[in-house]
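Heads up: the sequence lines are chains A and B, in that order. Quick note: the first sequence uses our numbering, first residue 3, plus one each step. Quick note: the second sequence uses our numbering, first residue 31, plus one each step. Glycine included, every Cβ here is placed at the ideal spot set by N, Cα and C. To keep things clear, I will list the structure first and then write my remarks on it.
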Amino acid sequence: MVSIGNYSQLLALFFSLTTIALLLTGIMKNDFRFIMSGRRALVTVAFFTSTASIALVYLFFTNNFQVEYVASYSNRALPLFYKATAFWAGQKGSLLFWAWILSLFSAVVVYNTRDEIDSKATPYIYTVLAATLVFFLALITFVTNPFDLLRFIPPDGKGLNPMLQNPGMIFHPPTLFLGYVGFTIPFAYAIAAMASGNLDESWLKKTRVWNILAWVFLTIGILLGGQWAYVELGWGGYWAWDPVENASFIPWLVATAFIHTAIIQERRNIMKVWNMTLILLTFVLSLFGTYLVRSGILQSVHDFGATGLGGYFLVFMGVVLIGGFSLIASSYRKLRSEKVLESYLSRESTFLFNNVILLALAFSTLFGTLFPLISEAVTGNKITVSMPFFNRVNTPLFLALLLVTGLCPLIGWRKASADNLKKNFMLPFLAMIAGTIILLVAGIREFYPLVAFSLCIFVAVTILREFWTGAKARGKLKGEPLIVAFPRLLWRMRRRYGGFIAHLGLVLMVIGITGSNAYKLENQATLTKGQTLNVGAYSLRYDRIGKWREWNREVYAATLSVFKNGTSLGTIRPEKRFYVNAQQPTTEVSLRSTLLEDLYVTMPAIGRNWDITLKVMVNPLLQWVWIGGFTMVAGGLIAIIPGRKRRVGSNDIL
Amino acid sequence: MTSYKMKPLAITTCTLLIVLLALPAAGLALTSSEVESELMCTCGCSMVLNTCSCGTADQMRETISGMIREGRTKKQIINAFVLKSGESILSSPPRKGFNLIAYGVPIAGLAFGGLLAIVFVRKWTSRNGVENRTDEDTEGGGDPITDEMQVKIDEELRKIEED
Chain A
3 MVSIGNYSQL
13 LALFFSLTTI
23 ALLLTGIMKN
33 DFRFIMSGRR
43 ALVTVAFFTS
53 TASIALVYLF
63 FTNNFQVEYV
73 ASYSNRALPL
83 FYKATAFWAG
93 QKGSLLFWAW
103 ILSLFSAVVV
113 YNTRDEIDSK
123 ATPYIYTVLA
133 ATLVFFLALI
143 TFVTNPFDLL
153 RFIPPDGKGL
163 NPMLQNPGMI
173 FHPPTLFLGY
183 VGFTIPFAYA
193 IAAMASGNLD
203 ESWLKKTRVW
213 NILAWVFLTI
223 GILLGGQWAY
233 VELGWGGYWA
243 WDPVENASFI
253 PWLVATAFIH
263 TAIIQERRNI
273 MKVWNMTLIL
283 LTFVLSLFGT
293 YLVRSGILQS
303 VHDFGATGLG
313 GYFLVFMGVV
323 LIGGFSLIAS
333 SYRKLRSEKV
343 LESYLSREST
353 FLFNNVILLA
363 LAFSTLFGTL
373 FPLISEAVTG
383 NKITVSMPFF
393 NRVNTPLFLA
403 LLLVTGLCPL
413 IGWRKASADN
423 LKKNFMLPFL
433 AMIAGTIILL
443 VAGIREFYPL
453 VAFSLCIFVA
463 VTILREFWTG
473 AKARGKLKGE
483 PLIVAFPRLL
493 WRMRRRYGGF
503 IAHLGLVLMV
513 IGITGSNAYK
523 LENQATLTKG
533 QTLNVGAYSL
543 RYDRIGKWRE
553 WNREVYAATL
563 SVFKNGTSLG
573 TIRPEKRFYV
583 NAQQPTTEVS
593 LRSTLLEDLY
603 VTMPAIGRNW
613 DITLKVMVNP
623 LLQWVWIGGF
633 TMVAGGLIAI
643 IPGRKRRVGS
653 NDIL
Chain B
31 MTSYKMKPLA
41 ITTCTLLIVL
51 LALPAAGLAL
61 TSSEVESELM
71 CTCGCSMVLN
81 TCSCGTADQM
91 RETISGMIRE
101 GRTKKQIINA
111 FVLKSGESIL
121 SSPPRKGFNL
131 IAYGVPIAGL
141 AFGGLLAIVF
151 VRKWTSRNGV
161 ENRTDEDTEG
171 GGDPITDEMQ
181 VKIDEELRKI
191 EED
């Protein structure tokens, strides 16, 4: 199986190179036969990367510890489920996983373009995809091969890091990769559009689903990472602005900006240069994320260490950036928009300002992440840039973004009339003022939470007003009751309302983030049996502790009775786990979640006389972070549900 | 709504907001977690102290709690840690010297981006002389688009896109 893996990787690389050679020959000779052969070669790559991936999973399942990668990330005691997911636990496997996903996506592109094979742009799309595949396949074949063998056969492997033995960790890396890799497709279409000279908005229309799907996967990946951190790391938070977290967030921000301005280009055929630049940056920043993780240039809680791959990524990113910007420069005349904006007060303008804020957020996050390196290079001083810095710098920007999210639906396309604007603003504005007064009366006086909650009211009302007026208008036109008109409107115009749902998700997330950060309660104490710890309205009484063996770990679990304002809410059971082959024990969080607040309990230490150290937190509104996040995802998915093809000549309205 | 009708509402709202904002906020005593969020754990885990649960972090927390009990201020406690372990113990760079760049550049970036956006919007709106047009010029004689019309327009655009 090791040989099958090795040969499959090698053949995948060979066919990627063949694809490029055939396609370039086809383009130069204008010979259709070469392009057809190039297409087939590209699909063949997917077959061989799939074979290599299956081979690696098989090696994990069969405990082949002579394979260095298997020995490093698995052991005999590891449950079968985690053996399969250990595939992407380390660098070598995750690079093979990247290549595999990209080759499958490339095969889907080949299928999708089956009717466009005579298009001038199509061979260029395949060439860009194949070139990206060459980079990753060359890395895993020659530099960091997952099928490398040890000179001896160890009796057992080192095992998977206990922190990674969590359901969230199964889906977090692959969804992130699906997001990163997904952006390769619109990037390939953009490059192909410039290389072929076909610079209308057709490339954007063809890649709309890819853009949003990649964004959805990246969003899910980030959310799952946050959920994993929340339940696994035991510090009571979900986002620490760690360099590796930032590495996924930066391309997400730029991709979000791109999705917004792509809408403008589709509708108005303007901002072509800007969109080309944004998709180029999104792709490069996706690579940069991997570079940051693999180069070891920054200290991170995600301790991947220096892997020697940084240089390769740096060169590849450099080539992509130089090549991409050269193409944009050479196509600049054709890309320049003939149409213009008609007014400051137009939705196009608000999209532009939304882009400025999103990019400022991306820039400040990138700059803050890299600042320790800059500082060390200039002053020789090693400094740390962590959570407080990012919270301080980015919070005002997030609030500005939230404001623009609310303003956008209030302003019409092209040019808003002053009367309409006044009419649209009145209700959200009054709702915000009323909400602010209620918040103040309720005792919320801190500046940022007050502004954040008030803006949430403003944005939520603008969005709900959109749903209301849309459903009412449809109901009036079709004679439908509102309860029927609303879902039909949502379905018929899912792209528009999917976007609004995503914005509503953002509002819910901001509510969760603000509540859980600003009003968190915390207490820590060491208890003997029968003693009680109080946090806010909660009291936790230490009843007993148990110990047992479970799969590949020994578990110590304390049972605590929970009371809120004196009323019993049942029990809660934080754990301490000692994994086989692991150096340190891990703490397992025990959670009691409601929509109002989370009771978050960890047990950092167990004493000799069975006294326990408890860390208890009350995180208000935290569940809204996840609800909001997955509402955003749902909005994105609704926006890309394909419609039925209409019969030609059909003239039915609504 | 005409402006004279808006005035009393605006005045009442502003007065209420000022009065409510002037009311005192609760909880001014220094807590350990306020200090913890400003410091890094020194065990080498690259985590902010209030997010780390290792033994070193516990010891640092105990030290902080002791200093708070002694009546030291947040600044004094942080200075004591910096004196012992250097500036790298701070979770965010102090706002002085070269570090000011860390705080200034993102703001400058936003200002530059915003300015650029304004310049572009100005340029684009003036390219075919539309900047001085009134609503009536572009909105079809001043008739606003009704919600029903907007739904119809969106639906038609969607159909064209699907075709």
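> To which residues does DSSP link A:ASN549 through a beta bridge?
Replying inline: In the sequence under discussion, the amino acid at residue 549 of chain A is Lys, which differs from the Asn named in the question. DSSP lists A:TYR558 as partners of A:LYS549.
> With DSSP run on the structure shown, which of helix, strand or coil describes A:GLN533?
Replying inline: coil
> The alpha helix (DSSP H) with B:ASN109 in it runs from where to where?
Replying inline: 104-115
>> List, in chain order, every chain B residue whose beta-carbon is nearer than 8 Å to that of A:ILE385.
In response: GLU117, SER118, LEU120, PRO123 and ASN129
> Hey, does B:THR72 have any beta-carbon neighbour from chain A nearer than 8 Å?
Replying inline: no
> Using the C-alpha atoms, what's the distance from A:ASP33 back to A:ALA123?
Replying inline: 14 Å
>> For a minimum of 4 consecutive residues, which ranges assigned as the alpha helix (DSSP H) are wholly contained in the region 615-647 of chain A?
In response: 625-641
>> Can you check which of these residues, A:GLY181, A:ARG42 and A:VAL233, is closest to A:GLY593 by C-alpha distance?
In response: The sequence shown places Leu at residue 593 of chain A, not Gly. Nearest of A:GLY181, A:ARG42 and A:VAL233 to A:LEU593, Cα basis: A:VAL233.
>> Please state the DSSP three-state secondary structure of A:ILE261.
In response: helix
>> Can you tell me whether A:ARG41 is buried or exposed? The criterion is at least 16 other CB atoms within 10 Å of its CB, across all chains shown.
In response: buried
> At which residues does the beta strand (DSSP E) containing A:GLY116 begin and terminate?
Replying inline: In the sequence as displayed, the identity of residue 116 of chain A is Arg instead of Gly. Note, A:ARG116: premise wrong, no beta strand (DSSP E); not H, not E.
> Is B:ASP88 helix, strand or coil by DSSP?
Replying inline: helix
>> I want to see whether chain A comes within less than 8 Å of B:GLU68, judged by CB atoms only; does it?
In response: yes
>> Can you pull the chain A neighbours of B:MET97, defined as C-beta to C-beta under 8 Å?
In response: Neighbours of B:MET97 on chain A: none; closest Cβ ~17 Å, over 8 Å.
> Does the Cβ of B:ALA55 have 16 or more other Cβ atoms within 10 Å, making it buried, or fewer, making it exposed?
Replying inline: With a pLDDT of only 46 at B:ALA55, under the threshold of 50, the placement of this residue in the model should not be trusted, and no figure is reported.
> Residues bridged to A:PHE580 by DSSP?
Replying inline: A:GLU556
>> Going by the DSSP bridge assignment, what does A:LEU282 pair with across the sheet?
In response: DSSP lists no partner for A:LEU282.
> Along chain B, which residues have their Cβ under 9 Å away from the Cβ of A:MET354?
Replying inline: According to the sequence as given, residue 354 of chain A is Leu; it is not Met. Ordered by position in chain B, the residues that pass the 9 Å Cβ test against A:LEU354 are ALA147, PHE150 and VAL151.
>> Looking at A:ILE266: is its Cβ nearer than 8 Å to the Cβ of A:GLU350?
In response: yes
>> Using a 10 Å radius around the Cβ and a threshold of 16 neighbouring Cβ atoms, would you call A:GLN526 buried or exposed?
In response: buried
> For a contact meaning CB atoms closer than 8 Å, what does B:VAL78 contact in chain A?
Replying inline: ALA242, SER388, MET389 and PRO390
> Under 7 Å Cβ-Cβ, which residues of chain A neighbour B:VAL135?
Replying inline: PHE369
>> What does DSSP give as the partner residue(s) for A:LEU601 in the beta ladder?
In response: A:ARG594 and A:VAL620
> Are the region 504-512 of chain A and the region 447-465 of chain A touching by the rule of at least three beta carbon pairs closer than 8 Å?
Replying inline: yes
>> Within 8 Å, do at least three Cβ pairs link the region 530-546 of chain A to the region 434-452 of chain A?
In response: no
> Going along chain B in order, which residues have a C-beta closer than 8 Å to the C-beta of A:SER377?
Replying inline: PRO123, PHE128, ASN129 and ALA132
> What residue range is occupied by the uninterrupted alpha helix (DSSP H) comprising B:ILE119?
Replying inline: B:ILE119 -> no alpha helix (DSSP H), and no H or E assigned at all.
> For A:ILE252 versus A:VAL183, is the C-beta distance shorter than 8 Å?
Replying inline: no
> Would you call the region 88-100 of chain B and the region 144-151 of chain B in contact, with 3 or more CB pairs under 8 Å?
Replying inline: no
> For the region 226-241 of chain A, which residues have a CB atom closer than 7 Å to at least one CB atom of chain B, in sequence order?
Replying inline: GLY236, TRP237 and GLY239
> For A:VAL537 and chain B, any beta-carbon pair shorter than 8 Å?
Replying inline: no
> What first and last residue would you give for the beta strand (DSSP E) that runs through A:ILE446?
Replying inline: Per DSSP, A:ILE446 belongs to no beta strand (DSSP E) and is neither H nor E.
> In the region 257-284 of chain A, which residues sit with their C-beta less than 7 Å from some C-beta in chain B, listed in chain order?
Replying inline: none
> How about B:THR155: is its C-beta nearer than 8 Å to some C-beta of chain A?
Replying inline: yes
>> Does any residue of chain B have a CB that is nearer than 8 Å to the CB of A:ARG349?
In response: no
> What's the C-alpha gap between A:ASN396 and A:THR516?
Replying inline: 13 Å
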